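Going line by line, the protein sequences match chains A and B. The opening residue of the first sequence carries number 1 in the numbering used here; numbering runs sequentially from there. The opening residue of the second sequence carries number 1001 in the numbering used here; numbering runs sequentially from there. From the three backbone atoms N, C-alpha and C, an ideal C-beta is built for every residue, glycine too. Computed from a predicted structure; not experimentally measured.
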Amino acid sequence: SQKIEQNSEALNIQEGKTATLTCNYTNYSPAYLQWYRQDPGRGPVFLLLIRENEKEKRKERLKVTFDTTLKQSLFHITASQPADSATYLCALGAGSYQLTFGKGTKLSVIP
Amino acid sequence: SQTIHQWPATLVQPVGSPLSLECTVEGTSNPNLYWYRQAAGRGLQLLFYSVGIGQISSEVPQNLSASRPQDRQFILSSKKLLLSDSGFYLCAWTYAGLAGAYEQYFGPGTRLTVT
Chain A
1 SQKIEQNSEA LNIQEGKTAT LTCNYTNYSP AYLQWYRQDP GRGPVFLLLI
51 RENEKEKRKE RLKVTFDTTL KQSLFHITAS QPADSATYLC ALGAGSYQLT
101 FGKGTKLSVI P
Chain B
1001 SQTIHQWPAT LVQPVGSPLS LECTVEGTSN PNLYWYRQAA GRGLQLLFYS
1051 VGIGQISSEV PQNLSASRPQ DRQFILSSKK LLLSDSGFYL CAWTYAGLAG
1101 AYEQYFGPGT RLTVT
């Protein structure tokens, strides 16, 4: 069956450093991968989408890589700030408008 | 601009009672609609999705049901709640038929506690 793993349930990082979150998957051939941010008690908010034929995508301080050979995506937040503290979810899709979500990584940026 | 509403925001219901959660979307037409549940320590679980009025696909067999009586209205129901139905229920929508636009937009969620 399809499996998505976000390797760390929680990640603590010092303010100003680069946070790197990992998303691995098995038994899946996604056409695209997405990253969402979720704050406590709120719905997830879309951040970035990267397609299977793209290696890297950037948006402001965010960078996502997608390696279909390794079956892995890395999500980077550069110059992290306490306001970046949240749970980050990765989600895979195969073109049918349905997404399969990972459990998320809770990021805490320490001042 | 598009907005998505869910109500109620929180709900405490006894075991065996019925449930009705409502989701509405404004500012778009013919969206794909989704119901997810997020339980403590677990990821987002897709419960139902709909590509049009009256068209419902179920992902997980359970005592929940969904209906889409209008284009931008999606309802989650149960006749008898179980303790295991507790969780954070999220409604989401995405554009239908627009190539490349697959991101989902989530509502504020309903926190359901079954006692």
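- Out of Val109/A, Ala83/A, Thr105/A, the CA that lies nearest to the CA of threonine 22/A is found in Thr105/A.
- The beta carbon of glycine 93/A falls within 8 Å of a beta carbon belonging to chain B, placing the residue at that interface.
- Under a criterion of Cβ atoms nearer than 7 Å, no residue of chain B is adjacent to glutamine 81/A; the nearest Cβ is some 23 Å distant.
- Separation of the CB atoms of proline 1008/B and threonine 1094/B is rounded to 24 Å, and the pair is thereby denied contact status at 8 Å.
- For proline 1069/B, the enclosing beta strand (DSSP E) has its first and last residue at 1064-1070.
- Legend: CB atoms of the stretch 16-38 of chain A lying less than 9 Å from CB atoms of chain B belong to residues Ala31, Tyr32, Gln34, Tyr36, Gln38.
- Here the C-alpha atom of arginine 1037/B lies approximately 22 Å from the C-alpha atom of tyrosine 28/A.
- For leucine 1033/B, the uninterrupted beta strand (DSSP E) run begins and ends at 1032-1038, by DSSP.
- Taking all protein chains shown into account, isoleucine 110/A has fewer than 16 neighbouring C-beta atoms within 10 Å of its C-beta and is therefore exposed.
- Here the alpha carbon of aspartate 84/A sits roughly 26 Å from the alpha carbon of threonine 1010/B.
- When Cβ-Cβ separations below 8 Å define contact, glycine 1043/B makes contact with chain A.
- Beta-carbon to beta-carbon, alanine 1066/B and leucine 1076/B are separated by about 5 Å, close enough to satisfy the 8 Å threshold.
- In this model, glutamine 1045/B and glutamate 15/A are separated by some 32 Å (Cα to Cα).
- In this structure isoleucine 4/A is in contact with threonine 100/A, their Cβ atoms being roughly 6 Å apart against a cut-off of 8 Å.
- Residue-level contact check: lysine 106/A does not touch chain B, since none of the beta carbons of chain B fall below 8 Å from its beta carbon.
- Counting along the chain, the unbroken beta strand (DSSP E) around tyrosine 25/A starts and ends at 19-26.
- Cβ atoms of leucine 1033/B and phenylalanine 1074/B come within 8 Å of each other, at about 4 Å.
- Under the three-state reduction of DSSP output, serine 1086/B falls in the coil class, being neither helix nor strand.
- The DSSP-derived three-state label of aspartate 39/A is coil.
- For proline 30/A and aspartate 67/A, the gap between their C-alpha atoms comes out near 11 Å.
- Judged by beta-carbon spacing, leucine 1083/B lies within the 8 Å limit of valine 1114/B, meaning their Cβ atoms are closer than that value.
- Close CB contacts of phenylalanine 46/A within its chain, under the 7 Å cut and outside five residues either way in sequence, are with Gln34, Tyr36 (chain order).
- By the criterion of a C-beta distance shorter than 8 Å, glycine 93/A is surrounded in its chain by Pro30, Ala31, Tyr32, Leu33, Gln34, Leu99, Thr100, once the five residues flanking it on both sides are discounted.
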